[in-house]
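2 protein chains.
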Amino acid sequence: MNIGIDMMGGDFAPLEAVKGLQTYLSTSSSPANLFCIGNEVELKMLLAHHRVVRAEIIVVHAPEVIGMHEHATKALKDKQRSSIAIGFHMLASGKVDAFISAGNTGAMLVGALYSIKAISGVHRPAIASIVPKVNGSTGILLDVGLNADCKPENLNQFALLGSLYAKDVFGIENPKVGLLNVGEEEGKGNVLTQAAYPLLKDNPAINFIGNVEGRDLFLDKADVMVCEGFTGNIILKMAESLYEAAKQRNISDAFLHRFNYENVGGTPVLGVAKPVVIGHGISNANAFSNMINLAEKMVTSNICGNIIEQFKS
Amino acid sequence: MNIGIDMMGGDFAPLEAVKGLQTYLSTSSSPANLFCIGNEVELKMLLAHHRVVRAEIIVVHAPEVIGMHEHATKALKDKQRSSIAIGFHMLASGKVDAFISAGNTGAMLVGALYSIKAISGVHRPAIASIVPKVNGSTGILLDVGLNADCKPENLNQFALLGSLYAKDVFGIENPKVGLLNVGEEEGKGNVLTQAAYPLLKDNPAINFIGNVEGRDLFLDKADVMVCEGFTGNIILKMAESLYEAAKQRNISDAFLHRFNYENVGGTPVLGVAKPVVIGHGISNANAFSNMINLAEKMVTSNICGNIIEQFKS
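From first to last, the protein sequence lines stand for chains C and Y.
Residues 4 to 316, numbered by my numbering, are exactly what the first sequence covers, in order.
Residues 4 to 316, numbered by my numbering, are exactly what the second sequence covers, in order.
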């Protein structure tokens, strides 16, 4: 397996990316080949300095970097030799099986949508966040930011994308799907969720259990929770900030600890044809290592192939 | 001052309501007159049993009760002698200056909108939640449930309603108003927030500071945060459930403790002509006592008069 990694993306790159390789290699029994894309001189020096010299590591030179705040479409077009552009080129041409970056989120999305492309039948790809459950299990929330405005059918598709993600990557068989809403009964909600409910109910490809409310997010009610990207993004950032607050206040608790973004490291772009993982700008070594693990799971489970299969018809 | 209290509303009524009176009376230096609406025989027995016999307490007999899950409009129409119907009648006729209930939320809202009515110029009244800030201060989030779908002008009005609530009840001078959104810059967001931003920016009656994200909710960025009632309700219930989880896990922390709904006890219906406070179904004595305090502050600050004044033009 070949995984492409943008070594220049994120606030602490390339140092934390290099340390992430170290963590990954020291914990994986049969590591993938890691195509490390970035400034060759800088990377080789850092890799040597941190003694990350392994046959699995292949440095791919990228003389340009897309900054965290550059305009996504423009930067991708202008900087064809940037680590993100080269990563997508390698993914599109099959040189790598998955591509990871903690860099410019917009550029990663534009790259995923334009160079890898949405799977036929998927109207709107989505990004997903894990949701720690009080009982120790893990839920999935999507969309958490790609689609601020959605149509009912988008939510219905997110339900299927999320179900496949829950099954293939988190091993949740027949995941329970809930529609995030402001009431329990069918008919409750805003115009969007009222219209989405019957679509989800009639979708034979998912295990729909009805509406879930804000209070159910952390309970064992639904494994996959769907919403438009506006609400999802606010929930995600609010949860991250609560974790930060708890950390600052020296609250040590296993449940709250699971809100740490590092544990998963990144989100896949669900609904594009090949595995793409986008990391947090503040990604550290642990997050990079977990992003590689996530990409690996996406490749071995063939989640993209399964999505292609499910959306055929 | 005369405050009407629905003694029969809430999962633990009338016992917790009676205990709430006790708490309120034992902590208030010049208590209001409390018109306790409910089953006279039951209430008098309970009040005597708990030794809550004071000149300030006036029992008002209501032979009927609206159940927690009854259809709001139908129940209010059919049960004219219920504690909620009588409470609104007393409020409308001026016998009490404020009305409190932890009963059927729908019936409280219908009663507020139909017997008290929205203030002229207010398109959509809203309910508000307090948001504890990490620095110890308090923010306001609205709408948290009345309006699942909103127009841009609704959010603009919530900004003013929330500002007056923050000032009159929480003593926050010139409260900073933020538009809850998925990005910091103007132009970010969904269709609704993109259209609302310029309205808020051009509103001379508020102190608009721009967009706030999910991660800013608990920070000292904005005192008043506005959103439609869908996102607001999910945030509110999610925060409540996190508090519950923390409590169950024996996490003792001053910041997390402030997520306890009891501390404020209820939400006003902002934008109706007289003070109406709606409590949580699970309200206990502490919550009832704090609802009375909230109603008292709403009366003394003349928040409804101030809203009427601000919406004149």
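Quick reminder that beta carbons are idealized off the backbone N, C-alpha and C, glycines included.
Which listed residue (the options) has its alpha carbon closest to that of residue i
| i | options | result |
| --- | --- | --- |
| Y:R261 | Y:V280, Y:I281, Y:G142, Y:F291 | Y:G142 |
| C:G174 | C:E43, C:T303, C:F15, C:S29 | C:T303 |
| C:N107 | C:G13, C:A101, C:A20 | C:G13 |
| C:R84 | C:I281, C:M11, C:M294 | C:M11 |
| C:S132 | C:I61, C:I122, C:G148, C:A121 | C:G148 |
| C:E188 | C:N214, C:L28, C:M301 | C:N214 |
| C:L116 | C:V172, C:F91, C:L24 | C:F91 |
| C:L79 | C:S140, C:S123, C:M111, C:A121 | C:M111 |
| Y:C39 | Y:I61, Y:S33, Y:S31 | Y:I61 |
| Y:K154 | Y:D256, Y:S316, Y:Y200 | Y:Y200 |
| Y:H64 | Y:R218, Y:T76, Y:K136, Y:V44 | Y:V44 |
| Y:A276 | Y:L145, Y:F102, Y:L144 | Y:F102 |
| C:L259 | C:I281, C:G268, C:F221, C:T270 | C:F221 |
| C:A51 | C:L167, C:N287, C:Q25, C:A249 | C:Q25 |
| C:T76 | C:G235, C:S86, C:G114 | C:G114 |
| Y:I237 | C:N253, C:R218, C:M93 | C:R218 |
| C:S123 | C:L273, C:L297, C:M301 | C:L273 |
| C:T234 | C:D256, C:K204, C:L182, C:K82 | C:L182 |
| C:E247 | Y:E19, Y:K136, Y:M4 | Y:K136 |
| C:V21 | C:M48, C:S31, C:S33 | C:M48 |
| C:M4 | C:L94, C:R54, C:H53 | C:L94 |
| Y:H53 | Y:E19, Y:G70, Y:G41 | Y:E19 |
| Y:E67 | Y:V56, Y:G269, Y:S86 | Y:S86 |
| C:V267 | C:I69, C:G282, C:I254, C:M241 | C:G282 |
Chain C residues whose Cβ lies nearer than 9 Å to that of residue i
| i | result |
| --- | --- |
| Y:N177 | Per Cβ cutoff of 9 Å: no residues; Y:N177 is ~25 Å from chain C at best. |
| Y:F291 | What Y:F291 touches in chain C: nothing, since even the nearest Cβ is about 22 Å away. |
| Y:T211 | The identity of residue 211 of chain Y in the sequence shown is Phe, whereas the question assumes Thr. Residues of chain C passing the Cβ test: none, with the nearest at roughly 19 Å. |
Expected contact under 8 Å - CB spacing of residue i and residue j to nearest Å
| i | j | result |
| --- | --- | --- |
| Y:N159 | Y:L195 | Not really, about 11 Å apart at Cβ, beyond 8 Å. |
| C:K170 | C:A225 | Their Cβ separation, rounded to whole angstroms, is 14 Å, which puts C:K170 and C:A225 out of contact at 8 Å. |
| Y:I285 | Y:I6 | No, Y:I285 and Y:I6 are not in contact; Cβ-Cβ is about 21 Å, not under 8 Å. |
| C:A35 | C:E265 | The Cβ separation is near 20 Å, so there is no contact. |
| C:A162 | C:V229 | 5 Å |
| Y:S140 | Y:I209 | Y:S140 to Y:I209, Cβ: 18 Å. No contact. |
Proximal chain Y residues relative to residue i, where beta-carbon distance stays under 8 Å
| i | result |
| --- | --- |
| C:A248 | V137, F221, F258 |
| C:F161 | What C:F161 touches in chain Y: nothing, since even the nearest Cβ is about 16 Å away. |
| C:F15 | In chain order: nothing, as chain Y lies at least about 19 Å away. |
| C:F173 | Residues of chain Y passing the Cβ test: none, with the nearest at roughly 21 Å. |
Interface partners of residue i on chain Y, CB under 9 Å
| i | result |
| --- | --- |
| C:S85 | Residues of chain Y passing the Cβ test: none, with the nearest at roughly 23 Å. |
| C:I103 | Those do not exist, as C:I103 stays about 23 Å from chain Y at its closest Cβ, beyond 9 Å. |
| C:S132 | Near C:S132 there are no residues of chain Y at all, since even the closest Cβ is about 11 Å away, more than 9 Å. |
Residue i in three-state terms, based on DSSP
| i | result |
| --- | --- |
| C:A257 | helix |
| C:V125 | coil |
| Y:P201 | helix |
| Y:F173 | helix |
| C:V178 | Reading the sequence as shown, one finds Pro at residue 178 of chain C and not Val. Correct three-state label for C:P178: coil. |
| C:S132 | strand |
| Y:L158 | helix |
| Y:G235 | helix |
| C:G7 | strand |
| C:L149 | coil |
| Y:N138 | coil |
| Y:S96 | coil |
| Y:L163 | helix |
| Y:V113 | helix |
| Y:G213 | strand |
| C:L183 | strand |
| C:F91 | helix |
| Y:F221 | coil |
| C:F314 | coil |
7 Å Cβ cut-off: residues of chain C touching residue i
| i | result |
| --- | --- |
| Y:G284 | Simply none; closest approach about 12 Å. |
| Y:A151 | V185, G192, N193 |
| Y:L239 | G217 |
Interface residues of chain C facing residue i [CB-CB closer than 8 Å]
| i | result |
| --- | --- |
| Y:I254 | I254, D256, L259 |
| Y:L245 | F221, L245 |
| Y:G148 | V185 |
| Y:F314 | Going along chain C, no residue has its Cβ under 8 Å from Y:F314, so there is no contact; the nearest lies around 25 Å. |
| Y:F38 | Going along chain C, no residue has its Cβ under 8 Å from Y:F38, so there is no contact; the nearest lies around 32 Å. |
| Y:F91 | Within chain C, no residue comes near Y:F91; the closest Cβ sits about 24 Å away, beyond 8 Å. |
7 Å Cβ cut-off: residues of chain Y touching residue i
| i | result |
| --- | --- |
| C:N236 | V185, G217 |
Check: residue i C-beta below 7 Å from any heavy atom of the ligand SAH
| i | result |
| --- | --- |
| Y:L144 | Among the components of this structure there are no ligands whatsoever, and the ligand SAH is therefore not found. |
Subject >> Complete alpha helix (DSSP H) runs within the segment 242-305 of chain C (minimum length 4 residues, chain order) >> reply: 257-260, 288-304
**OP:** Give, in chain order, every unbroken run of the beta strand (DSSP E) that is at least 3 residues long and sits entirely within the segment 10-84 of chain C.
**Re:** 36-41, 60-64
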